[in-house]
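Accompanying notes for the structure given below.
Protein chains: 2
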Amino acid sequence: MSTLSGPQLVARLQWRYATKRFDAARKIPAADWAALEAALVLTPSSFGLQPWKFVVITDQPTKEKLVPVSWNQGQPAECSHHVVFAVRTKLGEAEIDAYLDSIIAARGVARESLAGFCGMMTGFANKPGLDVRAWATFQAYIALGNFMTSAAVMGIDTCPMEGIEPGRYDEILGLDKTGFATVVACAAGYRADGDKYAALKKVRFPKEQVITRI
Amino acid sequence: MSTLSGPQLVARLQWRYATKRFDAARKIPAADWAALEAALVLTPSSFGLQPWKFVVITDQPTKEKLVPVSWNQGQPAECSHHVVFAVRTKLGEAEIDAYLDSIIAARGVARESLAGFCGMMTGFANKPGLDVRAWATFQAYIALGNFMTSAAVMGIDTCPMEGIEPGRYDEILGLDKTGFATVVACAAGYRADGDKYAALKKVRFPKEQVITRI
């Protein structure tokens, strides 16, 4: 199976940057996009519970409606595929059961064999003070990190967008009343030739400052 | 520059799983580990603020001390490199200034030219009700997602670990009183031949359920 060497991987991550101007004429080919959707679906999560929904927007009028609710940043309109990361706002018996059903379907195991695992998840879900939305958002950010790195490895540009109005996104995308809520977005596509941000030197704290070795 | 095709990327992500048993005798070569540290450092974050510290543990006695505070899971002891993701618990003028200094150093720009950007970050930091720790944790989870995908792309196994006692990690690693706090960990190395979890069918909700297209 093909892998990247360390230097090849680092070159991809150095190439990546938060793209400000996308080439609006250039769309991600369907086969490449299918791989990125598969990457989203394959994201690991806490207990495997996948407390998320990914909304993929290519409809141009919808993309344009998202600009004013994204601090007027142009990426949602100019990118090829705009992805919205939404999370479950509730974690209860129904959600845990649906997940157990999917384990049973995938692995052909008996429900009884999952009793211990079910108990662990139920205990977690009932933990006093658990902030389900924050927990689910942590998981969505794993998906965001996985998505950006996956895209970079394939030569596809992205721009993570926290500067959005999540409530307005929910309205425009019809997420309100679905049990999911927008937490963050990420535009994907190809950088425009003239994006001056592509040439800026990357700013990172020195390795010695952020990494401690024991 | 080398990239992976969509099917090559998906094959890597299918290969990845939460490794339960690592081959304790097999260590990640220094050059490969250096690439994974670079990947951590290159993780994108909100405003570029990098509100994190990554603690990389290879010292065997320390790794073993982490087992009882990781719900007695063996991965910290058996893996090659155990990474702890810690976040800043405070975001104020000092942190923003240090970041501005690093932008000035990297790009040779005048401090005055960053006044607008500084104002945005200060406004964010002073937002009533901002939960700095949660915000910083979101960023750390981008790093976690990036790290696991980077490792998979290089053929290195990982196991994300939320089932840990963060306060005890802080004590053992000497993080208390540093302004950083443990939020999650990830073991890295190579799967043991006998790890039965490697052969289990991956469980994911069907694509149609988690992806909505507009």
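Here the protein sequences come in this chain order: A and B. The first sequence begins at 30 in my numbering and counts up by one. The second sequence begins at 30 in my numbering and counts up by one. Every residue gets a Cβ at the ideal spot worked out from N, C-alpha and C, and that includes glycine.
Residue i at chain B interface by Cβ criterion, 7 Å
i	result
P189(A)	yes
D224(A)	no
P73(A)	yes
K236(A)	yes
R233(A)	yes
K56(A)	no
I201(A)	no
I193(A)	no
V161(A)	no
For residue i, three-class secondary structure by DSSP
i	result
G18(B)	With chain B running from 30 to 243 in the structure shown, residue 18(B) is simply not present.
P189(A)	strand
G218(B)	strand
V138(A)	coil
F234(A)	coil
V161(A)	helix
V70(A)	helix
A53(B)	coil
T241(B)	strand
T211(B)	strand
Contact with chain A by residue i, beta-carbon distance below 7 Å
i	result
G196(B)	no
S31(B)	yes
G77(B)	yes
M150(B)	no
R14(B)	One cannot answer for residue 14(B) here, as it falls past the ends of chain B, which runs 30 to 243.
G145(B)	no
R220(B)	no
F83(B)	yes
G158(B)	no
I185(B)	no
CB contact flag (residue i, residue j, <7 Å)
i	j	result
V112(A)	V85(A)	yes
D205(A)	G35(B)	no
Q79(A)	F234(B)	yes
A216(A)	C188(A)	yes
T91(A)	I243(B)	yes
V213(A)	E191(A)	yes
V182(B)	L33(A)	yes
D186(B)	R140(B)	no
F176(B)	I240(A)	no
A172(B)	T87(B)	no
G218(A)	F114(A)	no
K230(A)	R117(B)	no
A154(B)	L129(B)	no
Q37(A)	S179(B)	no
E93(A)	A106(A)	yes
V96(B)	E194(B)	no
L65(B)	A68(A)	no
G174(A)	G174(B)	yes
G223(B)	V232(A)	no
I12(A)	M150(A)	Examination of residue 12(A) is not possible in this model, given that chain A is present from 30 through 243 alone.
A163(A)	A165(B)	no
S109(A)	K56(A)	yes
* Residues of the segment 110–142 of chain A whose Cβ lies closer than 7 Å to any Cβ of chain B, in chain order -> Here the close residues are S131, I132, A135 and R136.
* Listed in chain order, which residues of the segment 163–178 of chain A have Cβ atoms closer than 7 Å to some Cβ of chain B? -> Listed in sequence order: A163, T166, F167, Y170, I171, A172, L173, G174, N175, M177 and T178.
* According to a CB-to-CB cut-off of less than 9 Å, which residues of the segment 35–48 of chain A neighbour chain B? -> Those would be G35, P36, Q37, L38, V39, A40, R41, L42, Q43, W44, R45, Y46 and A47, in chain order.
* Contacting positions in the segment 85–109 of chain B - beta carbon closer than 8 Å to chain A -> Legend: CB atoms of the segment 85–109 of chain B lying less than 8 Å from CB atoms of chain A belong to residues V85, I86, T87, D88 and T91.
* Which residues, in order along the segment 203–214 of chain B, keep a beta-carbon less than 7 Å from a beta-carbon of chain A? -> Cβ contacts with chain A: none found.
* Only counting runs of 4 or more residues, tell me where the alpha helix (DSSP H) segments fall wholly within the segment 73–122 of chain A, in order along the chain. => Runs of the alpha helix (DSSP H) inside the segment 73–122 of chain A: 89–94 and 104–107.
* Asked: What are the residues of the segment 59–70 of chain A that lie near chain B, defined by any Cβ-Cβ distance shorter than 9 Å?
  -> Contact residues of the segment 59–70 of chain A toward chain B are A60, D61, W62, A63, A64, L65, E66, A67, A68, L69 and V70 (C-beta to C-beta distance below 9 Å).
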